[in-house]
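One structure is given below, encoded as structure tokens.
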Amino acid sequence: MNALSTLFSIAARLVLAVASLVLFLVVLAAGLVIFGGVLLWSLIRGRRPTLRTAAFQRAAQFRAQAFRGGRGPFPGGMPGGMAGTGRAPQGEVIDAEVREVPHSDPRLER
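If you want my numbering, it's the position in the sequence shown, counting the first as 1, plus 1.
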């Protein structure tokens, strides 16, 4: 009985491995067929294929915005980044007198 269970277990693993390999090869073949079709279509039309990389461009914009110091996940720019370079002036410079504000009693602490 134990030998039959072991034989069944080995057969199940072998079937699973073969099925996984077949699935991988089918997906690979589908990708190559799609790539070949797009390449052939672009050669017929005489234009470069257009790649849909909007998600990658959006991530690059967020990353650049963080280094520029604009509004984003890291306000004020990232440490070591080039925050503030290449930006247009924001307006007039206002001279203000600075004074220290004394700490008031904390209201939230109990």
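All C-beta atoms in this analysis are idealised placements derived from N, C-alpha and C, irrespective of residue type, glycine included. No experiment lies behind these values; they were computed from the predicted model shown.
{"Asked": "Endpoints, the alpha helix (DSSP H) within which Ile11 is located", "Found": "Asn3 to Arg46"}
{"Asked": "Assigned exposure category for Ala20 - 16 Cβ within 10 Å defines buried", "Found": "exposed"}
{"Asked": "For Ala60, three-class secondary structure by DSSP", "Found": "helix"}
{"Asked": "Cα-Cα separation between Gly73 and Gly92, rounded to whole angstroms", "Found": "Here Gly73 scores only 47 on pLDDT, less than 50, and its place in the model should not be relied on; the value that follows carries that caveat. Going by the C-alpha atoms only, they are around 21 Å apart."}
{"Asked": "Cutoff 8 Å; reference Phe25; Cβ partners in own chain excluding five residues on either side", "Found": "none"}
{"Asked": "The ligand ADP heavy atom lying under 7 Å from the CB of Ala97", "Found": "Looking for the ligand ADP in the displayed structure turns up nothing, as the structure carries no ligands at all."}
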